[in-house]
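J.: Below is the structure I would like to discuss, written out as structure tokens.
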Amino acid sequence: MSSLHHSEDPRLWNLDAEFRLLGLRGAPMTRREAIRLGLLGSAGLLFGASALGARAAVAPVAPLPRPRAKSVIQIWLWGGPCHIDTFDPKPGAGSEFTGPLNSAANSRIPGMQLGELLPLLAGQADKYALIRNLSHNSNAHETASYMVQTGRAAGRDVFPGAGAVVSLFKGYEAGYKGLLPPYIVLTELQGRFSEAGFLGQRYKPFATGGDPAANRFVVEGVVAPGIDDQRQHDRRDLLHRLNTFGRATSGNDPRLAALAQCETEAYEMILGDAGKVFDLGQEKDTERERYGRNTFGQSCLLARRLVERGVPYVTINYKGWDTHKQHFQIMRRKLPEFDRGLATLLADLSDRGLLDQTVVWAGGEFGRTPRVLWEAPWNGGRGHYGQVFSSLVAGGGFRGGQVVGASDARGEAVVGPSVHPAELIASIYGRLGIDPDARLPHPEGLDVRAVPPLADGVRAANPLAAIL
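Residue numbers (the numbering used here): -12 to 455.
Structure (structure tokens):
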């Protein structure tokens, strides 16, 4: 891919002049170096925030604070949620756009509203920021999902998603301890692309399967359907009694010792303390009710338990947002469920002192068409819409009570600079202490960085300085 040197763009030349005025002399500063110092930000700071000019945008910005986050909980709204029914309401746009959801929930932050079916989240607005100017112009699920989770356009290579990159830099190679995998998905993989990409199977997420809202959460490889703990103990005892060869060669063969260690760790997950993190029966009934007795609510509760145990990356794959038909009927079921689960998660993390070290990222692959498709066969549905969409980020050093960017009065286009998914991913990496310029181990030895540089019409990935 071709790249653009900072001196070739007159807007960036003006920024170089500003660096000299600020006393940042010496060796020439590249644009990526400026990004890593926090001197540029896409949220009104990139390219001088239009009418403000380069001097006003650059001068007040201090270097980024020390990374604070240890974990990420990604709530993936699988299928693409409608931005104007969730994080970017347009109550004055008219029924062609709002349908029956024609009001908004006011938050405790002046001017910061959410969709009318998200009143509990509105009450937690001081804990998160809303990014309303995301854009990538792809309306295909596979392409958009790949772009939002990797920050890259589709091409020859399959790049790893954010969870796999965090697993690389915060997992076993970084000294991560414990038997729980460093990257866990609740409860099933998307299937849109390989989350691990060219990093390979070692960085593929562990998908739990099962349903955390069931009477017994059947976790793949940890809980066997129809087999209780006593029977598992009995089966293990029988295995040991039958293993006469293992007893005869005990301690003499390092390969057999390694197998024995694998068995010990496996049964620690099945019968020991490590696997008990998945047992939501250990939580009080009042706590489970607070999150909501449904798959999403109980997934949020489990995600809190996992980050308490130090798991670096947890994804909740929350299906059901691809609402081509019966959109408003579905929203009246899903949005209250989403509202309760996420609002409780944010409050619970905050109360336990975990929000400051946990990034919570909620969003999907794109938005949905602002104009309602009332005609047959849709009969009140919304289509795919990558031109503008929204995400929520909280914790881990992101400033709450903030709105980044804007869409127009009907939610059809970004007003001012847009944010590319790579910019958001870079900011999340920065909260975790992962350098966006860090090199990824490409199987062919290519020079590939954690976040792409300016290339092929995609801006360089800049931290969202306004919410840091």
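Built from N, CA and C at the ideal position, the CB exists for glycine as well.
First and last residue of the alpha helix (DSSP H) that includes residue 331?
T.: Residue 331 sits at position 344 when you count from the first residue of the sequence shown. First-last of the alpha helix (DSSP H) with residue 331: 314 to 338.
J.: Taking the DSSP output, what are the residues bridged to residue 172?
T.: Residue numbering aside, residue 172 sits at position 185 when the sequence shown is read from its first letter. Paired residue(s): 194 and 302.
J.: Going by other Cβ atoms of all chains shown within 10 Å of its Cβ, with 16 needed for buried, is residue 402 buried or exposed?
T.: Numbered from 1 along the sequence shown, position 415 holds the residue referred to as residue 402. The residue in question, residue 402, is exposed, as its Cβ has fewer than 16 Cβ neighbours within 10 Å.
J.: Please tell me whether residue 359 and residue 369 are closer than 8 Å, where the distance is taken between their beta carbons.
T.: If you number the sequence shown from 1, residue 359 lands on position 372. If you number the sequence shown from 1, residue 369 lands on position 382. Cβ distance < 8 Å, so residue 359 and residue 369 count as in contact.
J.: Return helix, strand or coil for residue 85, following the three-state DSSP convention.
T.: Start at 1 with the first residue of the sequence shown, and residue 85 comes out as number 98. Helix, per DSSP.
J.: Around the Cβ of residue 216, are there at least 16 other Cβ atoms within 10 angstroms (buried) or fewer (exposed)?
T.: Taking the sequence shown and counting its residues from 1, the one referred to as residue 216 is at position 229. It is exposed - the Cβ of residue 216 has fewer than 16 other Cβ atoms within 10 Å.
J.: Cα separation between residue 131 and residue 356?
T.: By 1-based counting over the sequence shown, the position of residue 131 is 144. By 1-based counting over the sequence shown, the position of residue 356 is 369. Their Cα atoms are separated by approximately 15 Å.
J.: Among 371, 114 and 282, which one has its Cα closest to the Cα of residue 310?
T.: As a working note, residue 310 is residue 323 in the sequence shown. Checking every option, the nearest Cα to that of residue 310 belongs to 371.
J.: In this structure, does DSSP put residue 358 in helix, strand or coil?
T.: Here residue 358 refers to the residue found at position 371 when the sequence shown is read from its first residue. The answer is coil: DSSP assigns residue 358 none of H, G, I, E or B.
J.: What runs of the beta strand (DSSP E), each 3 residues or longer, lie entirely inside the region 122 to 188?
T.: Here the runs fully enclosed are 170 to 173.
J.: Rounded to whole angstroms, how far is the Cβ of residue 463 from the Cβ of residue 66, which I believe are closer than 8 Å?
T.: There is simply no residue 463 to check, as the chain begins at -12 and stops at 455 in what is shown.
J.: Between residue 438 and residue 429, which are expected to be in contact by the criterion C-beta below 8 Å, what is the C-beta distance as a whole number of angstroms?
T.: As a first step, residue 438 is located in the sequence shown; it is residue number 451 there, counting from the start. As a first step, residue 429 is located in the sequence shown; it is residue number 442 there, counting from the start. Between residue 429 and residue 438 the Cβ distance is about 14 Å, and since that is not below 8 Å, they are no contact.
J.: On a Cα-Cα basis, can you pick out the residue from 283, 241 and 206 that is closest to residue 265?
T.: In the sequence shown, the residue the question calls residue 265 occupies position 278. The residue with the shortest Cα to Cα distance from residue 265 is 206.
J.: Considering only residues of the same chain and omitting the five flanking positions on each side of residue 277, which have a CB-CB separation below 7 Å?
T.: Taking the first residue of the sequence shown as position 1, residue 277 is located at position 290. Excluding positions up to five away in sequence, the list reads 331.
J.: Excluding five sequence neighbours on each side, which residues of the same chain lie with their C-beta closer than 7 Å to the C-beta of residue 40?
T.: Numbered from 1 along the sequence shown, position 53 holds the residue referred to as residue 40. With a pLDDT of only 27 at residue 40, under 50, the local geometry of the prediction cannot be trusted, and no value is derived from it.
J.: Around the C-beta of residue 120, are 16 or more other C-beta atoms found within 10 angstroms, so that it is buried, or is it exposed?
T.: Translated into positions along the sequence shown, residue 120 becomes position 133. Buried, because 16 or more other Cβ atoms sit within 10 Å of the Cβ of residue 120.
J.: Decide if residue -1 is buried, meaning its Cβ has at least 16 other Cβ atoms within 10 Å, or exposed.
T.: Here residue -1 refers to the residue found at position 12 when the sequence shown is read from its first residue. The predicted position of residue -1 is uncertain, since its pLDDT is 29 and thus under 50; a value taken from the coordinates is nonetheless stated next. With 16 or more Cβ atoms within 10 Å of its Cβ, residue -1 is classed as buried.
J.: What residue range does the beta strand (DSSP E) around residue 428 cover?
T.: Position 441 of the sequence shown, counted from the first residue, corresponds to residue 428. Start and end: 426 to 428.
J.: Can you tell me the Cα-Cα spacing of residue 213 and residue 164, whole angstroms?
T.: Against the sequence shown, residue 213 aligns to sequence position 226. Against the sequence shown, residue 164 aligns to sequence position 177. Spanning the two alpha carbons is a distance of roughly 31 Å.
J.: Across which residues does DSSP place residue 436 in a beta bridge pair?
T.: Taking the first residue of the sequence shown as position 1, residue 436 is located at position 449. Per DSSP, 426.
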